[in-house]
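All remarks here apply to the structure that follows.
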Amino acid sequence: MIDSAQLLADLRGQLKLLEADLTARADDVTNEWGAALRVEHADATARKRTGLPWIDWRNGQVAQAAVAWILATVFIRFAEDNDLLEGVSANGARVALPWLAGPGDRLERAVEHQSAYFTANPTAAGPDWLKHAFSALASLPAGRALVDPAHSPVWTAPISGEAADQLLGFWRAVDAGGTLLRDFTDPGLDTRFLGDLYQDLSEFAKKQYALLQTPMFVEEFILDQTLTPAIAEFGLEGLKLIDPTCGSGHFLLGAFGRLVEAWAIEAPAMDVRERVARALASVHGVDLNPFAVAIARLRLTVAALRAAGDRTLVAAPAYHLQLAIGDSLLGSQASSVQLFDGEDADAFEYSVEDLAAYHGILQQNQYHVVVGNPPYITVKDPVLNKQYRQLYKTCHRQYALSVPFMELFFELAKRSDATTGAGFVGQITSNSFMKREFGKKLIEQFLSGKDSASPVDLTAVIDTSGAYIPGHGTPTVILVGRRRKPLADTVRSVLGVRGEPGQPSDPAQGLVWSEIVSHFADEYFNGDYVTVVELSRTGYAQHPWSLSGGGASAVFEQLEAVSVGRLAARLGETIGGSIRAGADEAFMRPRRLAFEASVSESIREFVVGDGVRDYEDRGSDLILFPYDDALRPSESLDRVLWPWRASLANRSTFQGLMADAGLRWTEYMQFTRWAARTSLAITFAFVATHNHFVLDRGGKVFKQSAPVIKLPEGATEGQHLELLGLLNSSTACFWLKQVSHDKGNGGIGGGIADQEWERFFEFTGTKLQELPLPARLPLESGAALDASARQIFDVTPASVIEARDSALSTSLEIACASWDALREHMVFLQEELDWEVYHSYGLIDEELTYRGELDRLRLGQRTFEIVLARKVAASEEQTAWFERHSSTPITDFPAEWPDDYRAIVERRLEATESNPSIRLLERPEFKRRWATRSWDDQLADALRDAMLDHMESPALWTDVNGRPVTRSVNELADLVKSDAWFAELASLAHGADADLRTVIAKLLDDESVPYLAALRYKPSGLEKFRAWEHAWDLQRAEDHGERVEVPVPPKYGQGDFRKATYWKARGKLDVPKERFISYPGTRRANDQSPLYGWAGWNHADRAQALARLPMEMLAAGAISDELAPLISGLIELQPWLDQWHAEPDANLGVSPAGAISGLTDQLLTQLRLSRDAVTAWQPPASTRGRAASKGTK
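Numbering (numbering that gives the first Met the number 0), first residue to last: 0 to 1192.
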């Protein structure tokens, strides 16, 4: 039996090799497949099937083709090892098996058979041998669909002989003892390993299609609620089930197994093959991902073999699998108007798709059962996004795919009428629609059941967000319903109380899931993890939904009952006020650039949601501000942003592109001017595990992840502070979590957060403005916490180092003690705030705040933490709270506490025990975490930044004549060795004995990017860079008055860069944020330490510094091969010199553009190098980390 995890890991390496091989063919217009792809992309673009640029689209086709080749060989090996092809014939003669390998002597026989084939076919190569094997499989009635000659890329996407040999070698690899490494032999013919390949083989496909397997226990539960009652109501004859997002076929396999069993009971005398055929006829599936359908076809074929008692594909009959490749969202609408029935010649299908061959498979109103696990992602392709929006009325705002699929699932189901009942629908899907704004139409216009044209009878809503479901980092919900008008006034509801406390060894036996399964049929159940109850249907007709159990509704109602108004009544503007740049990377700059003359007047501090924590909103980055003092669009940044003009001009707004919306290309896509007109504002973290609100006093720009609350003009600071206190309370956190979208802990593939307090929520302004306000607001507490936060900033390591005190070490020690004290004071103040607000909302009858001398608390000493520690000690609860927050659990009061504080805490403990509302609120998921970075971590970063700032001193990067010059690490160490300030920084960071050369080498290596594109990017990134160069050439032509169409260049990914540090410095739009320039492979004659330049140079300075290197190296006897990359670097800079530095330089007396152009020509002539050869230069392939290949036969 195959090791699934090892196979997956090994095949990923093969996939990379095949993708590289196929990419070369896709880009070769003389290659038949490459040319066909160009035509198909142009056709798909013209007929609005895609809006992706060529490179991104091509990458998808290459990934699909590479996976197709791998899966086809997997199918062959699986069939060979399990004798499924025994007796196969071709041209009337029995075929000699095997083709690839197998246990025992099969490996040797496979090699012999291949040799014989090549002898008989002298011009054949490895790809032909593989296709010979695929042809045998395709010749069988039961095997044809697995490598469909009409649609599988293995027949049209050619791989090279070398790639085929590598693939053959992979399957024939043996260990040191000569034993075959991979053996698929399995008497039970288990195909579950294919599910792992489906989900994780291709990272590209996983992201594009949101690949995610549905666990068997979830699939079984949903089929229990849908297929089982459907069989009982409609019978087996003619029963039809579909999964329109079938993936690798989990739901289809489960349904097939049940149907086979049901037919055996109903018709035991019927021939077993007929029973299998009828079961297969009931099962239908569609998926956009071709290799997902290929896997589903094999799995269903093998399942049919086993069910019928057949042992080979050769003896098996033709299995009529109803599994199609195509876009269900488009295909269903097309089917409704017969686009795929031949009546509309304009219906577009990709070559790998075959929906047209399955006439009517997506016809609406025909299925008795519709089940599935639809993708949850948003649509990245702008053309498809628009099409789905036009086709599905529930698509609203920035919808996720779960929305149109919800509509599709119900439309495919049979609608009840006078003669027949309604079809059953069941799905597990993202719960994001429940509370996010895009779900409003779906809930109120569709799931409410109010639309008579599209009736929906929601029969069960099951909160699965707290259950451990492998791979599902996105919180989920299971919905069950029927396509008819609602019959009952209530809906069976499973509400979440607590999430899974840890990761269970068997997810099917998880505590949360077990309660769901055991008590779903109960009319009422209130357990430790879920509450089962019948809820009024009217509640499900209103957005948002809240599925919280365990008494949450009672607390929520109490807050509403005592409210004297909503937050909205206090506002001067709608909550928002942030900017949406639409291309943040183009505008964002490192903080140190605030002092650069070219941008200093047009730059602001940039607040992002992740930086809004614990009453502070100090971010690490700045943002270019393309507006003047009157907030009108400015042209001051046109030159700075010029390289990204095509990308910025083509940002999509609600009115179209930027120009369509009346915006300059340099503007933010969305800019709320009123937010910048007054100074005071409360900002908050849009996505966080807890509520974080901060009072800001002006001068900043806020990203959409840090929305702004503005009070009416003239509102006092005190009015802001009293709201600040309330918004930061544990009660506000509870309320917000009831109405806000639970994002889980990282999306698809992330698992679930195993601690409730780790789960991220999306706190929107729309929800927040409905916060009920109590009569008394906590002004004093809010002001005290705000003041302490400002004080703590003054004693951070960065602030102390910036002050440049001569006794730095002593100053840092004093600041550290102050920082600790202030932080403990804020923990104390927050605890008092929380208990004050409980009383304000009437959740407790008496005030339980403290007025004594104690004013500091350590983490671990708060009331709820004492309760939690006692439960842990009593083995009543497990938690990572204390470990994760570096705190010490205590079960008894600290000795230093005064009696009056002890008395208050005792009363708080009693209230927690006796008052259900307080017991609910005094939980980690609502209490402030204070997850601040430690002082030591902050100090390490501050020292590093200070040393780097010092290394950027312009004086270090100029010669005695003031001209730019590169420096080696040894030179830099010599220049700063007498600098007392730098020496103290290095000593504090690395110890008194730190070697300056080592320190500087590490600093610059981590903060530098090479001067040359070929040294920065891998081949995939270099290809994208050339596309950017082409766009820049067209922009220059445009600037000279030519009418040209400038394509939007592709974005980069981390995998496009040769080092992770380069990606970190550049990002998706390749915006240079590095501090230094590196010159890999370039050394001075008598100094072998690495060479660097300063990234603060303009293009002319960079060229001047670079131009000195080949001249120095020539004088030292360097050969042309060593100089080629340096000359290539000069050639890459030339267009920028021609653009910005064509005029004579006052200091040089000549034009930098002309000088460098002349020097380049001189060097090429002197070294007898062609310009094409130099620009095509590539660094030698690295041999680092390569292991010796395993033996193959």
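Just so it is clear, CB atoms sit at the ideal spot from N, CA and C, and this is done for glycine as well.
- Secondary structure note for F683: its beta strand (DSSP E) is the uninterrupted segment 680 to 683.
- In this structure, E666 and P642 do not form a Cβ contact; the two beta carbons are roughly 17 Å apart against a cut-off of 8 Å.
- The continuous stretches of alpha helix (DSSP H) do not include W956, and DSSP gives it neither H nor E.
- Note on the stretch 939 to 1019: whole alpha helix (DSSP H) runs with a minimum of 4 residues are 968 to 975, 979 to 989, 995 to 1005, 1012 to 1015, in chain order.
- Excluding five sequence positions before and after A988, the CB atoms of its chain that fall closer than 8 Å to its own CB belong to A939, L942, R943, M946, V998, given in chain order.
- Boundaries of the beta strand (DSSP E) around R481: 475 to 481.
- V1070 and K742 have their C-alpha atoms roughly 30 Å apart.
- Taking C-beta atoms under 8 Å as the contact rule, Q397 and F437 qualify, at a distance of about 6 Å.
- F255 sits in a helix when the DSSP states are folded into three classes.
- Inclusion of R918 and E912 in the CB contact set at 9 Å is warranted, their separation being smaller than that value.
- In the three-state DSSP reduction, M657 falls in the coil class, being neither helix nor strand.
- Closest by C-alpha distance to G575, out of S780, L510, A680, is A680.
- Residue nearest to I324 within the set T573, D948, R1042, A144 is A144 (criterion: CA-CA distance).
- By the criterion of a C-beta distance shorter than 7 Å, D242 is surrounded in its chain by F250, L251, G284, V370, G371, once the five residues flanking it on both sides are discounted.
- As summarised for the stretch 346 to 420, the continuous alpha helix (DSSP H) elements at least 4 residues long and confined to that stretch are 381 to 390, 401 to 411, given in chain order.
- Three or more Cβ pairs closer than 8 Å define a contact, and the stretch 355 to 375 meets that threshold against the stretch 419 to 427.
- Taking every protein chain shown into account, the CB of H1039 has fewer than 16 other CB atoms within 10 angstroms, so this residue is exposed.
- If you check the CB distance, Q63 and P289 come in under 9 Å.
- DSSP, reduced to helix, strand and coil, places N525 within a strand of the structure shown.
- In the three-state reduction of the DSSP assignment, G86 falls in the coil class.
- Membership of F692 in any alpha helix (DSSP H) is not indicated; the residue belongs instead to the beta strand (DSSP E) covering 692 to 695.
- The DSSP-derived three-state label of D164 is helix.
- Burial check for S839: the Cβ neighbour count within 10 Å reaches 16 or more, so the residue is buried.
- A687 carries a strand assignment under DSSP once its states are collapsed to helix, strand and coil.
- Counting only runs of 4+ residues, the alpha helix (DSSP H) found wholly inside the stretch 158 to 205 occupies 160 to 170, 191 to 199, in chain order.
- The C-alpha of L908 lies about 7 Å from the C-alpha of V866.
- With contacts defined by Cβ atoms closer than 9 Å, E835 and E823 do not form a contacting pair.
- Counting along the chain, P503 sits inside no alpha helix (DSSP H), nor does DSSP assign it H or E at all.
- The three-state secondary structure of M433, taken from DSSP, is helix.
- Shown here, P126 sits in a helix according to DSSP, grouped into three states.
- Shortest Cα-Cα distance from A209 to any of T377, I360, A268 involves T377.
- Rounded to the nearest angstrom, the gap between the Cα atoms of W1139 and A1152 is 9 Å.
- Non-local beta-carbon contacts of L407 in its own chain, meaning distances under 7 Å to residues more than five positions away in sequence, involve P243, S327, L328, S331 in chain order.
- Comparing C-alpha distances from R850 to each of L710, Y900, I468 shows the shortest one belongs to Y900.
- Per DSSP, T489 is one residue of the beta strand (DSSP E) stretching across 489 to 495.
- In this structure, the alpha-carbon of G103 lies about 26 Å from that of A124.
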